[in-house]
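Heads up: the sequence shown is residues -22 to -1, 1 to 770, going by mature numbering (1 follows the signal peptide of the UniProt record, and there is no 0).
We put the CB at the ideal spot given by N, CA and C, even for glycine.
To start, the structure itself, in structure tokens.
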Amino acid sequence: MIKNQILLLFAFYFSLLGELSGKGGGLGPAVDGEEVDVGLIVDMRSREGKVIHGRVSMAISDFNSFGRDNQMRIVLHTRDSKGDPLLALSSAFNLGENNKVKVIFSAQKLTLEAKSLAEFGNNTKIPVIPISAPYLIQVPLHNHAEVKGIIAFAELHEWEKVILIYEDHNDNHWSDFFEEKKFQVAYKSSVAASSKDEYIIEELHRLKAMETSVFVVHVEPVLASRIFVHAKRLGMASQGYAWIVTSKCMNHLQNLKDYSSISENMQGFIGFRSYKMKGSKEFDMLQLMNFITQMVNFEIVNVLGTEGERRVGFWTGKFTNKLSHGFAHGRHLFSSSGFETIIWPGGTSTIPKGRRMQTSTKTLRIAVPKSNGFPQLLKVDIDLQTNITFSGFCIEVFKAAMAGLEHQVPYEFVPFEYNKTHIGEAYSDLVYQVYLQKYDAAVGDITITSNRSFYVDFTLPFTDMGIGMVSRLTPKENQNLWIFLKPLTPGLWLTIVGVYVLSALFIWLIERPAPVEQQTGQSNGEIGRMFGFSFSIFVFAHWEKLSSNLSRSVVVLWVFVLFILGSNYTATLTSMMTVQQIEFNTGKSIVGRGAGPVAQGAIGNPNFPNSLSKSIRLTSLEEYVKALSEGSKNGGVSAIIEEMPYINVMVEKYPTRYSKVGHVMPTTNGFGFAFRKGSPITHDISREIAKLREDGTLQRLENEWFKNPIIDFDSRNTSDSVNPLTVRDFGGLFFINGIFLAITCFLFLTSLLYKNIHVMKEWGRLVKQYICMKIFKNKRDANAVHPELDNL
């Protein structure tokens, strides 16, 4: 209670200094004998409201007793809001108008009440301070100093991690202080005051299974008493554990009626309690000023069960074994031996290590799926005479990781039976069996998923991550005799022929001999001569010289087009003749998928083509090979979607028959070993897996079980099929060629018309004569039919 009085005194002192400075223009002393009215709005029906009212009254009494009789005094005016926001707001107006208060303190938890009072303060310029809000200035100051003491205490005893137990979301800021100090928090457990005992027991079970055995408790006394009684029943208040209780509980724990029974459950616990030394009124004011400058003192006590508690030291920003008025004559402690002897849980003086190791000789039961269709990854042989043998890459990795542990942990493999047609559901059921504690762990080709991680803790993955697609390769001997036509699509072939014919016709027209008499008797071979001459020009074997600059420019452009087309054709044909083709067409193919839920989910993934919605479920390597051999047209599949470890096994076993299609889609987390939630061995196995990867042991095991090293698919040239060239690929080239031919044609026609202008004039005169004759003839015919028209 002393702590709260000092905190409230600081709030009063800070607020009044601000108020008086606003009147007097500085932070000088108040007017002698002046009384300052302050208001307090609380819900007197609640227990918290009554407690706060009592604390405020005591705080004001202490504050008034700090100074002399002629100094400033505080007069408190209390209003009961009865939990009604409107009544709280009305009380605030009443305090401001009738009592002329300078500041109002409120303890309103409801958001509506707090907002209404805050709006009142903004409008009336009367400060409204929420003394129960977690963001009030004294709370962070106090908590920050306490967290520094707890961290120093933990480091003093060489504890690397702690587990935090706090009450609700209002204490989230408290746990952030540990992160600010870069102290490692193994786990944060939030327990509400309204939580049932079943939830508290379940949460304690979770904490007990963890490796860290140091707990920091930051809850109210009533809730703490419930936690401690269940912790003792679960054996968590025994040797090897350490409990640190903050001042939030310790400051008021002794006020509970059943404190003696509570302290019995806390035997060996360490408590931080706010400490105020007794002294004169002047020294009390000095303590208040020290608090303002964040010099907060804590008494460190050791709970001895039914024997009460014993002080073992102080925290004043440093550890010391005694305090004086000047805080300067204490003996600072730099090791745990400097404290008074601490009795830890279990009645021992041996300092807990903070990390609970597996001291039990119990043999771990490791579940192993009986059959997965990929013996290189996992295989279980059952022989009634020679016992059960477990082999495969997954088993060897687990054995190597267990062998590297600093402490030997006995274990045994237990085969897990499941229905082969429902492998995905079976593996999820295996994980659930570990959650139900029927097994201590599960080893095998178990994919790490977010859903499964709700039930178990996974180690680091020991295989490649992601989903890929594998398809059959077309053997070279199956390539047909017309492969030389395949580099270009039919449309592109027709376009090239059309452009050639158009260019040849244009050149022939330009270069066609002018004298008509030179062509006598040669009309039947004119077309053949046209194409022969043009073709000879295009292949640089022409026997005649070009006489026109226009034809020369057309030939130059065509040679450029031919060079581009020829180089691309050669490259594509070379690839088609040297690279094995993948038989897969996303528009028409049926795909296979693994039996697990990960492969099934990839079918609808937007990163895969939408046409892959039609799929066939496959469960083993033999089924994969058979389905790909038959192909989509014969009832099989053209490709298989599966996790990378399975694809690695298949491609390494049949490197000349199958290859990966496209790129790896990183949507899975690989295979991992599953342990019970909170199992301390999980982190150790993860660390060993990292070591195996770093020292090359994991790579050696891959080489051993997969015969050849796992290939990086992205570095293979066979990962994608060679597509033929289309008109679209050369659209710009043909567009430029067409524009140039059109311009050249226009220039040629213009030149031709200019050279034959007299012929055009003669044609014009003949046309005019013809038109006149036609008109005269029509008129004459009309008169012959109707003679009366001559009289008109």
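Nearest in C-alpha terms to E242, of all of R211, A549, D175 and V53, is R211. Under the three-state reduction of DSSP, F436 is assigned to strand. A straight line joining the alpha-carbon of G17 with that of G332 spans about 48 angstroms.
Only exposed fits G674, as fewer than 16 other CB atoms lie within 10 angstroms of its CB. Bounds of the beta strand (DSSP E) holding E277 are F276 to V281. Checking the DSSP bridge columns, you'll see N365 partnered with D361. Within the same chain, I278, N280, F317, E318 and I320 come within 6 angstroms of V290 by CB-CB distance, once the 5 residues on both sides are set aside.
Distance from the Cα of T548 is smallest, within the candidate group L487, V627, I461 and S529, for I461. The three-state secondary structure of S637, taken from DSSP, is strand. Excluding the 5 residues flanking it on each side, R635 has same chain C-beta neighbours closer than 7 angstroms at R450 and L451, in chain order. Taken through DSSP and simplified to helix, strand or coil, D58 comes out as strand. Contact annotation, S225 with E124: C-beta distance approximately 6 angstroms; criterion of less than 8 angstroms satisfied. Going by DSSP, V290 is part of no alpha helix (DSSP H) but of the beta strand (DSSP E) stretching over E287 to W293. Non-local beta-carbon contacts of W137 in its own chain, meaning distances under 6 angstroms to residues more than five positions away in sequence, involve V192 and G332 in chain order.
Less than 7 angstroms divides the Cβ of A85 from the Cβ of I30.
With a contact defined as Cβ atoms closer than 8 angstroms, V448 and M628 qualify at about 6 angstroms.
Closest in C-alpha terms to L356, from the list G382, G325 and F391, comes F391. Residue state for H385 is assigned as coil, using DSSP reduced to three classes. According to DSSP, residue pairing for D15 in a beta bridge involves V53.
In the three-state reduction of the DSSP assignment, R743 falls in the helix class. Separation of the CB atoms of T467 and P702 is rounded to 5 angstroms, and the pair is thereby assigned contact status at 8 angstroms. Excluding sequence positions up to five before and after L459, its CB lies less than 8 angstroms from no other CB in the same chain.
For L342, the closest C-alpha among the options Q415, V169 and V34 is that of Q415. DSSP, reduced to helix, strand and coil, places L451 within a strand of the structure shown. Here N715 is near L535, since their CB atoms are less than 7 angstroms apart. Here D359 is exposed. Its C-beta has fewer than 16 other C-beta atoms within 10 Å. With respect to the C-alpha of F432, the residue from V745, P633, P658 and F653 having the closest C-alpha is F653. At the C-beta level, A171 and L142 stay beyond 7 angstroms of one another. The three-state secondary structure of P108, taken from DSSP, is strand. Sixteen is the threshold: since fewer than 16 other Cβ atoms of the shown chains lie within 10 Å of the Cβ of Q677, the residue is exposed. Judged by their CB atoms, L73 and V81 are not nearer to each other than the 7 angstroms cut-off.
Following the DSSP letters along the chain, one finds A202 in no beta strand (DSSP E) but inside the alpha helix (DSSP H) bounded by residues P199 to R211. F684 sits buried, since 16 or more C-beta atoms from the chains shown fall within 10 Å of its C-beta.
Measuring C-alpha to C-alpha distances from Q354 to each of D154, G469, I366 and N626 identifies N626 as the nearest. The beta carbon of L551 sits closer than 6 angstroms to the beta carbons of P465 from its chain, once the five residues preceding and following it are set aside; these are given in chain order. In this structure, the straight-line span from the alpha carbon of D175 to that of A164 is close to 23 angstroms.
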